[in-house]
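Asks: Pasting a structure here, questions to come.
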Amino acid sequence: MLRDLATKAQSEGHTQEAQEALAGVDPVWSGLSMYRTIFPSQTLSQQLPGHRVLHDPMIYVGRNTQITAYPISRGTGINFAATRSHWEQENTLFEGPWVQDVSRDELLHAFDRWEPEVVALFQSIEGLNRWAMHTVRPLRSYVSERVALIGDSAHAMLPYQGVGAGQAIEDAFLLATLLGHSVTTPATLSRALKVYDAVRRPFSQHVLETSRENGQLFTLNYPGLTFGTPQENRDAKKLQKLQDLCNRVRKNWEWCWLTTLDADLERAVKMLENGSQ
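Under this note's numbering, think of the first position of the sequence shown as 6, with each following residue one higher.
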């Protein structure tokens, strides 16, 4: 679809638009890799009795590293995901398999100098794999003639709001509503797809960008925030920057609990109906 759009744009003399379309064909490496596994809660309890992750979801943040862990399966298992970031390599090609089994030693090497609570998580791991996280560059359009993109094909994003699959479901629900509307016929299909693009693309790309920014914040890639000894890190200005970081993460997430798809669905239907008059 994007190659067809590029060919059309080039034929009309829109060289930059054609280049942007071609740039979106292949996914790009985000510069981030995630180590993922699941292990028994009992193993963690043996490593550190009373560990907080046995009962509560936890996010640990560090410079270019981030860990998410929480209990699953009624507390019998622990879901573990640890990010190692290389933001300077964002939008490059990843060399090697995107998903690969790796040793615990690789994880320990990438996450050295963590406190005992986190080390206990590492020591509970038997096997894990590393995921090279890829994204899609922001597209100029999700539709072309009778073709529409939804989900990851349109807006593959980083997982730092946990909403990639949810955005795909919202795409599908809104698109299905427009396609199932009485005014949509084979003759008016292109209008329905244009409404879908006009409503869903700005919102989903906003979520894509805030998910990326949360990834930067979780890995402490915050302008001006540097680290010294633990005593130095208690400096009031640095603590305020960490608080600012926390507030920014919360702000990026506000859409998730302050909005629903309902308003956009209503707006899309009105756009479709008004366009049919």
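Cβ atoms here follow ideal geometry from the backbone N, Cα and C, with glycine treated the same way.
For Ala181, count the other beta carbons within 10 Å of its own beta carbon; 16 or more makes it buried, fewer makes it exposed. Which is it?
Replies: Here residue 181 is taken as the residue at index 176 of the sequence shown, counted from 1. The residue in question, Ala181, is exposed, as its Cβ has fewer than 16 Cβ neighbours within 10 Å.
Asks: Would you decide whether Asp61 is buried or exposed? Buried here means 16 or more other CB atoms lie within 10 Å of its CB.
Replies: Residue mapping note: residue 61 aligns to position 56 of the sequence shown, counting from 1. In the assembly as shown, Asp61 is an exposed residue. Its beta-carbon has fewer than 16 other beta-carbons within 10 Å.
Asks: Could you have a look at Thr12 and say whether DSSP puts it in helix, strand or coil?
Replies: Mapped onto the sequence shown, residue 12 falls at position 7. Thr12 falls in the helix class under three-state DSSP.
Asks: Nearest-angstrom Cα distance between Gly156 and Val141?
Replies: Against the sequence shown, residue 156 aligns to sequence position 151. Against the sequence shown, residue 141 aligns to sequence position 136. Their Cα atoms are separated by approximately 11 Å.
Asks: Check whether the segment 49 to 57 touches the segment 115 to 129, counting contact only when three or more Cβ pairs, one atom from each stretch, lie closer than 8 Å.
Replies: Segments in contact, yes.
Asks: What residue range does the alpha helix (DSSP H) around Tyr201 cover?
Replies: Here residue 201 is taken as the residue at index 196 of the sequence shown, counted from 1. The continuous alpha helix (DSSP H) containing Tyr201 extends over residues Leu194 to Phe223.
Asks: Taking the straight line between their C-alpha atoms, what separation do you get for Thr20 and Val212?
Replies: Walking along the sequence shown from the start, residue 20 turns up at place 15. Walking along the sequence shown from the start, residue 212 turns up at place 207. When rounded, the distance between both Cα atoms is 28 Å.
Asks: Where does His114 land, buried or exposed, given buried means 16+ other C-beta within 10 angstroms?
Replies: Locating residue 114 in the sequence shown gives position 109, counting from the first residue. Label assigned to His114: exposed.
Asks: Identify the continuous beta strand (DSSP E) that holds Phe85 and give its terminal residues.
Replies: Here residue 85 corresponds to residue number 80 of the sequence shown, with the count starting at 1. It spans Gly82 to Ser90 - the beta strand (DSSP E) in which Phe85 sits, taken as one unbroken run.
Asks: Just reading off the alpha helix (DSSP H) that Asp31 is part of, what are its end residues?
Replies: Start at 1 with the first residue of the sequence shown, and residue 31 comes out as number 26. First-last for Asp31: undefined, no H or E at that position.
Asks: If you reduce the DSSP assignment to three classes, tell me which class Ile155 lands in.
Replies: By one-based count along the sequence shown, residue 155 stands at place 150. Three-state result, Ile155: coil.
Asks: Starting from the C-beta of Ala159, find all residues in its chain whose C-beta is less than 6 Å away, skip the five residues before and the five after it, and write them out in chain order.
Replies: Numbered from its first residue, the sequence shown carries residue 159 at position 154. Here the set comprises Tyr147.
Asks: Report all residues from its chain with a CB closer than 7 Å to the CB of Thr265; omit the five preceding and five following residues, and keep chain order.
Replies: Locating residue 265 in the sequence shown gives position 260, counting from the first residue. Non-local beta-carbon contacts of Thr265 in its own chain, meaning distances under 7 Å to residues more than five positions away in sequence, are absent.
Asks: Closer than 6 Å by C-beta to Ser4: which residues in its own chain qualify, once you throw out the five before and the five after it? Chain order, please.
Replies: The displayed coordinates of the chain run from 6 to 282. Any statement about residue 4 would go beyond what the structure contains.
Asks: Quick one: Cα of Asn252 to Cα of Val188, how far?
Replies: Reading the sequence shown from its first residue, position 247 is the one you call residue 252. Reading the sequence shown from its first residue, position 183 is the one you call residue 188. Each residue's Cα considered, the two are about 45 Å apart.
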